[in-house]
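The end of the sequence shown is residue 458 by this note's numbering, with every number in the run present. All residues carry an ideal CB built from backbone N, CA and C; glycine is no exception. If you're wondering where the values come from, they're calculated on a predicted model, not measured in any experiment.
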Amino acid sequence: MMETEDSDLRKLLKEKDDEIERLKKLLTIKTPAVVEEKDIFVQSDDRPAVREKLNNAEISRYSRQLILPEIGVKGQLSISSASVLVVGAGGLGCPSSIYLAAAGIGRIGLVDYDEVELTNLHRQILHTEAKVGVTKSASAAHACKSLNSHVECIPYHLQLNSSNALQLIKQYDIVLDATDNVATRYLLNDACILANKPLVSGSALRFEGQLTVYNYDGGPCYRCLYPKPPPPETVTNCSDGGVLGVVPGTIGCLQALEAIKIAAGIGPSFSQVMLMFDGLDGTFRRIKLRGRQPSCPLCGTQPSITQLIDYEQFCGARADDKDKCLKVLDPAHRITVHEYNKMLETGSNHILVDVRTEVEMDICRLPHQPINIPINRIGQEESIATIQRRLTISEEKPSVVVVCRRGNDSQIAVETLLKCFKDSDLDIKDIRGGLHAWAKHIDTNFPVY
Numbered sequence: 010m011m012e013t014e015d016s017d018l019r020k021l022l023k024e025k026d027d028e029i030e031r032l033k034k035l036l037t038i039k040t041p042a043v044v045e046e047k048d049i050f051v052q053s054d055d056r057p058a059v060r061e062k063l064n065n066a067e068i069s070r071y072s073r074q075l076i077l078p079e080i081g082v083k084g085q086l087s088i089s090s091a092s093v094l095v096v097g098a099g100g101l102g103c104p105s106s107i108y109l110a111a112a113g114i115g116r117i118g119l120v121d122y123d124e125v126e127l128t129n130l131h132r133q134i135l136h137t138e139a140k141v142g143v144t145k146s147a148s149a150a151h152a153c154k155s156l157n158s159h160v161e162c163i164p165y166h167l168q169l170n171s172s173n174a175l176q177l178i179k180q181y182d183i184v185l186d187a188t189d190n191v192a193t194r195y196l197l198n199d200a201c202i203l204a205n206k207p208l209v210s211g212s213a214l215r216f217e218g219q220l221t222v223y224n225y226d227g228g229p230c231y232r233c234l235y236p237k238p239p240p241p242e243t244v245t246n247c248s249d250g251g252v253l254g255v256v257p258g259t260i261g262c263l264q265a266l267e268a269i270k271i272a273a274g275i276g277p278s279f280s281q282v283m284l285m286f287d288g289l290d291g292t293f294r295r296i297k298l299r300g301r302q303p304s305c306p307l308c309g310t311q312p313s314i315t316q317l318i319d320y321e322q323f324c325g326a327r328a329d330d331k332d333k334c335l336k337v338l339d340p341a342h343r344i345t346v347h348e349y350n351k352m353l354e355t356g357s358n359h360i361l362v363d364v365r366t367e368v369e370m371d372i373c374r375l376p377h378q379p380i381n382i383p384i385n386r387i388g389q390e391e392s393i394a395t396i397q398r399r400l401t402i403s404e405e406k407p408s409v410v411v412v413c414r415r416g417n418d419s420q421i422a423v424e425t426l427l428k429c430f431k432d433s434d435l436d437i438k439d440i441r442g443g444l445h446a447w448a449k450h451i452d453t454n455f456p457v458y
């Protein structure tokens with residue numbers, strides 16, 4: 010017993026020492042002043058100074074792109090006087106913003122409402138272990154300034170919405186959509202149309218990525234292609250679906266390339282064209298998009314949308330990439346992790362059904378030998394038969410407890426099982442908060458992913 014306590018204390022001491030070292034490193038990081046939401050309305054509307062020539066240091070720094078005939082001195086001067094707003098300092102925003110800084114974009118605005126987390130680091134390459142807990146916009150701005158101190162970087166620690174987006178976007182020449190939710194895509198699209206700014210849009214999920222440029226030289230806007238938002242339950246982000254880090258890295262680099270070409274006067278390659286990238290088979294495809302639609306309610310001949318709206322209401326989903334929390338079950342069919350832990354301690358007769366994928370089951374699992382039935386197979390005859398076989402093994406009818414990663418899929422699974430077993434008195438419940446709640450409240454050593 011004493012040995013276990015000593016081991017726990019040593020582990021806790023090491024964690025505290027590591028935290029102290031991380032905080033010491035943070036003290037050495039100097040970041041540009043962060044702009045809060047209340048301050049964006051008093052920002053000056055000036056632009057980076059228009060230059061007539063490059064100095065010797067700039068000629069040396071940008072020499073490899075200066076000698077490109079498509080860029081040259083004229084193009085570099087245009088790049089240096091351009092301003093780009095990057096919305097999202099995550100998997101797409103990190104690679105795009107660092108390459109914009111490297112190319113010498115005069116002013117880069119970095120918008121993000123979130124703080125750096127450990128789970129970000131495999132794909133959000135401007136953030137480091139020492140910056141865990143720091144605002145993402147400040148972390149990204151620090152990285153960009155560290156690479157190129159002559160570039161102006163403005164971090165905005167805020168969430169864009171219909172009351173502040175237009176004011177901020179008007180201050181920039183080009184906008185990059187590096188976000189991960191549908192509501193913000195519509196918001197940025199509408200604001201860029203109303204402010205007449207080109208929008209370089211990127212997305213990445215699993216092994217796949219997409220890229221296109223909206224509102225450039227008479228090209229279509231997002232609403233021309235998607236007049237209505239998709240049902241919220243059909244939308245998956247990288248937190249739920251996963252993503253290989255280099256995929257948003259690839260798309261983010263291409264977003265920067267498009268923005269640089271626009272700034273230099275070359276023009277983008279993906280206006281009225283969508284790039285489809287498949288990292289699993291290594292293919293790039295160009296898909297021709299339909300042009301601007303005269304019937305579009307935003308950019309058409311007779312627009313009905315003349316101001317920004319409530320985009321969360323319009324899309325039926327939150328304008329962030331945080332974990333969604335479903336509430337579809339009656340409280341009578343839900344238990345807490347504390348209640349389930351009590352069931353384990355008392356040896357309560359039950360069947361545990363884990364509705365995650367087999368890949369996720371390999372990462373971690375609860376005790377009590379769970380049955381693995383992925384959520385997409387929960388209502389199939391074979392799955393129901395598997396549960397019925399387990400029910401018949403026990404002399405006393407057990408209850409059924411369903412678990413998933415966060416407590417969302419488990420609710421959907423319980424709904425399905427209640428319908429399948431509607432003619433029985435089987436007690437079926439899900440665990441609130443899923444494995445994340447278990448790790449937070451019951452077993453702090455349980456893996457979180």
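Under a 10 Å Cβ-count criterion, Gln420 is classified as buried, with 16 or more other Cβ atoms of the shown protein chains found around its own Cβ.
By the CB criterion at 8 Å, Ala272 and Ser87 fall inside the cutoff. Between Pro57 and Ile163, the alpha-carbon positions lie close to 13 Å from each other. C-alpha of Leu253 to C-alpha of Leu214: approximately 8 Å in a straight line. For Cys162, the secondary structure class from DSSP, reduced to helix, strand or coil, is strand. Just so you know, the alpha carbons of Leu119 and Asp418 end up roughly 34 Å apart. Contact annotation, Ala326 with Val457: C-beta distance approximately 24 Å; criterion of less than 8 Å not satisfied. Counting every other CB atom within 10 Å of its CB across the protein chains shown gives Ser148 a total of 16 or more, marking it as buried. Scanning its chain for C-beta atoms nearer than 6 Å, with the 5 sequence neighbours on each side dropped, one finds around Ala174 the residues Leu196 and Ala200, in chain order. In the displayed model, Gln219 falls within a strand according to three-state DSSP. Ala112 and Asp439 have their C-alpha atoms roughly 52 Å apart.
The beta carbon of Leu263 sits closer than 6 Å to the beta carbons of Leu220 from its chain, once the five residues preceding and following it are set aside; these are given in chain order.
In the structure shown, Ser172 adopts coil according to DSSP, grouped into three states.
Excluding sequence positions up to five before and after Val82, its CB lies within less than 7 Å of the CB of Leu63 and Leu75, all in the same chain and listed in chain order. Rounded to whole angstroms, the gap between the alpha carbons of Lys23 and Ser146 is 30 Å. Taking C-beta atoms under 8 Å as the contact rule, Pro257 and Leu444 fail to qualify, at a distance of about 25 Å. Judged by beta-carbon spacing, Ile402 lies beyond the 8 Å limit of Ser392, meaning their Cβ atoms are not closer than that value. Between the alpha carbons of Glu161 and Arg60 lies a gap of roughly 15 Å. Cβ neighbours of Pro277 within its own chain (closer than 7 Å, five residues either side excluded): Val222, Tyr225, Glu267, Lys270 and Ile271.
In the DSSP assignment, Asn381 is bridged to Asp363.
DSSP places Ala111 in the uninterrupted alpha helix (DSSP H) bounded by Gly102 to Ala112. Bridge pairing for Met352: absent [DSSP]. A direct Cα-to-Cα measurement between Met370 and Asp55 gives close to 54 Å. Counting only the Cα atoms, Tyr122 lies some 30 Å from Ile372.
Residue environment: Thr315 is assigned as exposed (fewer than 16 neighbouring CB atoms within 10 Å of its CB, all protein chains considered). Residue ranges of uninterrupted beta strand (DSSP E) with 3 or more members, entirely inside the region 173-200 and ordered along the chain, are 183-186.
When rounded, the separation of the alpha-carbon atoms in Ser408 and Pro312 is 57 Å. Taking all protein chains in view, the Cβ of Glu354 is surrounded by fewer than 16 other Cβ atoms within 10 Å, so the residue is classified as exposed. Judged by DSSP secondary structure, Lys438 falls within the beta strand (DSSP E) whose first and last residues are Ile437 to Ile440. Contact between Asn198 and Asn246 does not hold, since their C-beta atoms are separated by about 18 Å, which reaches or exceeds 8 Å.
With a 10 Å radius around the Cβ and a threshold of 16 neighbouring Cβ atoms, Ser280 comes out buried.
Scanning its chain for C-beta atoms nearer than 6 Å, with the 5 sequence neighbours on each side dropped, one finds around Cys324 the residues Val191, Ala192 and Pro238, in chain order. A direct Cα-Cα distance of roughly 13 Å separates Lys331 from Gly99. Cys305 and Cys230 do touch by the CB rule: their CB atoms are close to 7 Å apart, below 8 Å.
Gln397 and Asp434 have their C-alpha atoms spaced approximately 13 Å apart.
Distance from Glu45 to His166 at the Cβ level is roughly 6 Å; contact confirmed, criterion being Cβ atoms closer than 8 Å.
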